[in-house]
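A short worksheet on the structure shown next.
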Amino acid sequence: MKKLVLSLILVVSLITVSMAQTQEEISPQRKQAIDSLALEKVRDLSKYISIIGNKDTPWSEAQRVIERATELFMEGSEIGVSSLSRPDVNYYKVREYFDRLMQLNYDRVNIEWYKIQYVSDLERQPDGSYVGVITIYQRFQGYDREKGLVYEDTTKKDITVYVKRKETQIGGRLIGFWDVMLGDIRVKETSK
Amino acid sequence: MTMNMQKLPTFRWRSLLVILMIAMIGLGAESCKPTGKMSRKEKKAQIENAKKQLRSIINGTSTLSFEDQERLINETINKNFNDSELNELLIQATQTLKAKRAEEEKIRQQRIDEARAALYDMLLNKDNKSADQLQRELDGIKAENLRDGEIDELIARVEKKIMEMRSFNAAANLPLKTQLNNAFDGIVNAARTGNMTQADNQIKNALQYFTSEDSPVLIIISREGAMVDYDKPTTIRYYLEFLKDQKGNRNNIESFKLDDNGKIKELELIKK
């Protein structure tokens, strides 16, 4: 029995050491750089959303920006849409969300994201990737040419962020990079 | 004697006085006549002088300018000397000047044609001449003072081209890194002012520094010793469009690799 316990302890120790070796620890500076990178991607998305929603953006230009914005997301991600006029939240695939955003039935649209910050820090996952949640506040204003401002709301949204280290060959050398992918954007609250 | 004079009858003195007065009035009136009225002698001299000058015009030895020759002929015609030989010379001189004027106009037209062709060549600059070379050629054409609307317009266009070449060359003399930074700033500034057409033009210009619009762009987010972390690699076109969309540049140029043509085949940036 004693031998069995010792053997188990040895096996568990070996497995732990092995896992520690495979999961490369990163320094606080590197972690901070990754945190910042993920926040930047969300800020980039906020600019893209402003451009897509802007009625002055030419159709072809909006399509190009939709492509860039869609590339920020993981395949199959969804974005929530809420309204003060209904209690439920509708979720759309990313591409569909952008298409609908471009076609909103207002003469002018202002979309502004602010208070972009981590609500849940990037945490290392068993596979070596990092997952966190960034919260944003979105100010939406819809204008009618004659009536002026006809709708506005403020929505708090949570964005799940996935960061994974990958490698690629460029110019004959191996480049290690951090791939930041955005997941679902879930509506947390909507107010006037 | 005095006695004799005193004995002269009084009416004779009066007659003499009247005659003298009439004579003086007559002389005075003569002297007030316009000086333009020449004597026969003067007229003859003028006719001879005019003939001499007209002959020099006809045989092409006149030292007067073309305009002065025309003026001389017109003045001579206006004086209306009524001299048959002079009139014949006037006709010949007028025809000579007319022929000369036509010849000059023909030459001028040829020069305009040549200048037009030269100016168009300068605009195209197929021979890849420098701004200084073009300026020298342009100065030569301007010195001819061809007074032609089309030529003046072409001259203005070439002057603008030379100015642009000088401006571009000034930029081209900067280190490539500075040129690139200026190009990036140009895109961002154009986008910030809402001038998207200008931003697109700046992107088009900036792409000329690169091997292709797919040239890779690497962005360093962290570096610790030999360990370098990058953002997801992108292409130069996407990066330039990204600058326009985000209206900001948060990276510095770290390094670049050039191809055999001196164009950038790989760009490495680093977070500011």
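As you go down the protein sequences, you meet chains A and B in turn. So for the first sequence, my numbering puts the first residue at 1; every next one is plus one. So for the second sequence, my numbering puts the first residue at 1001; every next one is plus one. Using N, Cα and C, we set each Cβ at its ideal position, and we do this for glycine too.
When the distance is taken between beta carbons, is residue j closer than 8 Å to residue i?
i, j, result
"Lys164(A)", "Thr135(A)", "no"
"Asn1252(B)", "Ile1270(B)", "yes"
"Tyr143(A)", "Arg108(A)", "yes"
"Ile52(A)", "Met102(A)", "yes"
"Arg30(A)", "Asp1231(B)", "no"
"Ala1093(B)", "Ile1057(B)", "yes"
"Gly1107(B)", "Leu1090(B)", "According to the sequence as given, residue 1107(B) is Ile; it is not Gly. Cβ distance not < 8 Å, so Ile1107(B) and Leu1090(B) don't count as in contact."
"Met1163(B)", "Leu1138(B)", "no"
"Arg1116(B)", "Ile1151(B)", "yes"
"Arg1166(B)", "Ala1131(B)", "yes"
"Glu1085(B)", "Lys1051(B)", "yes"
"Arg95(A)", "Glu112(A)", "no"
"Ile1221(B)", "Leu122(A)", "no"
"Thr1211(B)", "Lys1265(B)", "yes"
"Leu1119(B)", "Asn1125(B)", "no"
Quickly, what does DSSP pair residue i with across the bridge? List them, please.
i, result
"Lys166(A)", "Phe177(A)"
"Gln138(A)", "Trp113(A), Thr155(A)"
"Val133(A)", "Ser120(A), Thr160(A)"
"Ser1222(B)", "Asp1229(B)"
"Arg86(A)", "Ser83(A)"
"Arg186(A)", "Asp158(A)"
"Pro1216(B)", "Thr1235(B)"
"Arg108(A)", "Tyr143(A)"
"Asn1251(B)", "Lys1271(B)"
"Ser27(A)", "In the DSSP output, where bridge partners are listed per residue, Ser27(A) has none listed."
"Gly1186(B)", "Answer is none; Gly1186(B) lacks a bridge partner."
"Ser191(A)", "Thr154(A)"
"Glu1266(B)", "Lys1257(B)"
"Tyr91(A)", "Gly80(A)"
"Gly148(A)", "Asp144(A)"
"Phe1210(B)", "Ile1264(B)"
Give me, in chain order, the residues of the same chain whose beta-carbon lies closer than 6 Å to that of residue i; leave out the 5 immediate sequence neighbours on both sides.
i, result
"Ile15(A)", "Any reading at Ile15(A) must be qualified, since the residue scores a pLDDT of 49, below 50, and its modelled position is unreliable; the value itself is stated next. Cβ within range, chain order: n/a, list empty."
"Cys1032(B)", "The predicted model places Cys1032(B) with a pLDDT of 46, which falls under 50 and marks its position as unreliable; any figure quoted below should be read in that light. Here the set comprises nothing."
"Glu1030(B)", "Here Glu1030(B) scores only 48 on pLDDT, less than 50, and its place in the model should not be relied on; the value that follows carries that caveat. Cβ neighbours of Glu1030(B) beyond the five flanking positions: none."
"Tyr114(A)", "Tyr137"
"Asn1087(B)", "none"
With distances taken from CA atoms, which of the options is nearest residue i?
i, options, result
"Leu1180(B)", "Thr1061(B), Glu1254(B), Leu1086(B)", "Glu1254(B)"
"Ile170(A)", "Asp1214(B), Ile1221(B), Asn1125(B), Lys1041(B)", "Asp1214(B)"
"Pro1216(B)", "Gln1202(B), Phe1256(B), Leu1243(B)", "Phe1256(B)"
"Ser27(A)", "Arg1223(B), Ile1057(B), Asn1182(B), Glu1114(B)", "Arg1223(B)"
"Glu1114(B)", "Ile1219(B), Ala1226(B), Gly1140(B), Thr1076(B)", "Gly1140(B)"
"Tyr1209(B)", "Met1196(B), Phe1184(B), Tyr1230(B)", "Phe1184(B)"
"Ile185(A)", "Val42(A), Gln125(A), Ile34(A)", "Val42(A)"
"Tyr151(A)", "Lys47(A), Leu104(A), Val94(A), Met181(A)", "Leu104(A)"
"Pro1175(B)", "Lys1126(B), Glu1164(B), Gly1262(B), Glu1103(B)", "Gly1262(B)"
"Phe177(A)", "Tyr137(A), Arg145(A), Ser129(A), Leu149(A)", "Ser129(A)"
"Phe98(A)", "Thr70(A), Arg145(A), Leu84(A), Ile111(A)", "Thr70(A)"
"Asn1082(B)", "Lys1044(B), Gly1225(B), Asp1259(B)", "Lys1044(B)"
"Gln952(B)", "Leu1054(B), Gln1133(B), Lys1079(B), Asn1195(B)", "Because chain B spans 1001 through 1272 in this model, residue 952(B) falls outside it and cannot be assessed."
"Arg1136(B)", "Asp1148(B), Ile1155(B), Asn1182(B), Thr1211(B)", "Ile1155(B)"
"Lys1247(B)", "Asn1087(B), Lys1161(B), Arg1192(B), Leu1134(B)", "Arg1192(B)"
"Gly1194(B)", "Leu39(A), Asp56(A), Ile34(A)", "Asp56(A)"
"Asn1059(B)", "Ser1039(B), Glu1042(B), Asp1068(B), Leu1097(B)", "Leu1097(B)"
"Asp179(A)", "Lys1177(B), Ile1219(B), Glu1104(B)", "Ile1219(B)"
"Leu45(A)", "Trp59(A), Ile66(A), Ile34(A), Ala33(A)", "Ile66(A)"
"Tyr92(A)", "Glu78(A), Ser85(A), Arg86(A)", "Glu78(A)"
"Tyr106(A)", "Pro87(A), Arg124(A), Lys147(A)", "Lys147(A)"
"Asn110(A)", "Glu25(A), Gln32(A), Asn54(A), Arg173(A)", "Asn54(A)"
"Glu1067(B)", "Lys1100(B), Lys1079(B), Ser1039(B)", "Lys1100(B)"
"Asn1205(B)", "Asn1182(B), Met1227(B), Gly1225(B), Ala1226(B)", "Asn1182(B)"
By Cβ distance below 7 Å, which residues in the same chain neighbour residue i in space, the five residues on each side in sequence not counted?
i, result
"Ser82(A)", "Val89, Thr155, Val187, Thr190"
"Ile1203(B)", "Ile1187, Leu1240, Glu1241, Lys1244"
"Gln21(A)", "Residue placement at Gln21(A) cannot be trusted, given a pLDDT of 40 that sits under 50; the coordinates are not used to answer."
"Ile175(A)", "Glu167, Thr168"
"Phe73(A)", "Val94, Met181, Leu182"
"Pro1034(B)", "Confidence at Pro1034(B) is low in this model, with a pLDDT of 48, below 50, so its placement is unreliable and the value that follows should be read with caution. Around Pro1034(B): no qualifying Cβ."
"Gln1198(B)", "Ala1190"
"Ile34(A)", "Leu122, Tyr130, Val163, Trp178"
"Thr1235(B)", "Glu1213, Asp1214, Ser1215, Pro1216, Val1217"
"Met1005(B)", "Low confidence applies here, because Met1005(B) scores a pLDDT of 48, under 50, leaving its location unreliable; read the following figure in that light. Taken in chain order, the list of residues that qualify is empty."
Taking 8 Å as the limit between beta carbons, can you name the residues of its chain near residue i, skipping five residues before and five after?
i, result
"Val133(A)", "Tyr118, Val119, Ser120, Asp158, Ile159, Thr160, Val161"
"Arg1111(B)", "Glu1144, Leu1146"
"Arg1237(B)", "Ile1203, Leu1207, Glu1213, Asp1214"
With a threshold of 8 Å between beta carbons, is residue i in contact with chain D?
i, result
"Trp178(A)", "No chain D appears in this structure, whose protein chains are A and B."
Quick check on the DSSP output: what are the complete alpha helix (DSSP H) runs of length 4 or more inside the region 1039 to 1097 of chain B, in order along the chain?
1040 to 1058, 1066 to 1079
List, from N- to C-terminal side, the alpha helix (DSSP H) runs of 4 residues or more that fit wholly inside the region 1098 to 1174 of chain B.
1131 to 1143, 1149 to 1172
Which runs of the alpha helix (DSSP H) spanning at least 4 residues fall entirely within the region 42 to 77 of chain A, listed in chain order?
59 to 70
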